[in-house]
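Going by this note's numbering, the first residue of the sequence shown is number 392, and it counts up by one from there.
Ideal placement from N, C-alpha and C gives every residue a C-beta, glycine not left out.
On a predicted model such as this, the values are computed, not experimentally measured, just so you know.
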Amino acid sequence: MTEDQPEFDFNRALKDLQEGKALMGKEGILTPLIKQLTEAALEAELDSHLKQDITANRRNGKSKKTIKSMNGSFELNTPRD
């Protein structure tokens, strides 16, 4: 992960689970993992897209998006092309 995004802490998640904290929702145990996986998938998709494109398409930073699910909402840093 990047410097501003630490990797998902499994040991902390297990401790939180044992303490009875919620799995889902904004402060849920799994929310950081879902966020990390979704951002990684979006990065990989953009990498693939840029490799296939012959035109002068390139990365153009990131933007924040709020994802709303039935388990709560969280913010993603999505790559732009």
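Spatial neighbours of Arg-471 in its own chain (CB-CB distance under 6 Å, excluding positions within 5 residues in sequence) are listed in chain order as Asn-451, Gly-452, Ser-454. In this chain, the beta strand (DSSP E) harbouring Lys-456 covers 453-460. In the DSSP assignment, Phe-465 falls outside any alpha helix (DSSP H) and lies within the beta strand (DSSP E) extending over 463-470. Inter-residue distance for Leu-408 and Pro-423 is about 14 Å (C-alpha atoms, whole angstroms). Note on geometry: alpha-carbon atoms of Lys-412 and Glu-436 lie some 33 Å from one another. Glu-410 sits in coil when the DSSP states are folded into three classes, being neither helix nor strand.
Short of 6 Å from the beta carbon of Leu-414, and not among the five residues preceding or following it, lie these beta carbons of its own chain, in chain order: Ile-420, Leu-421.
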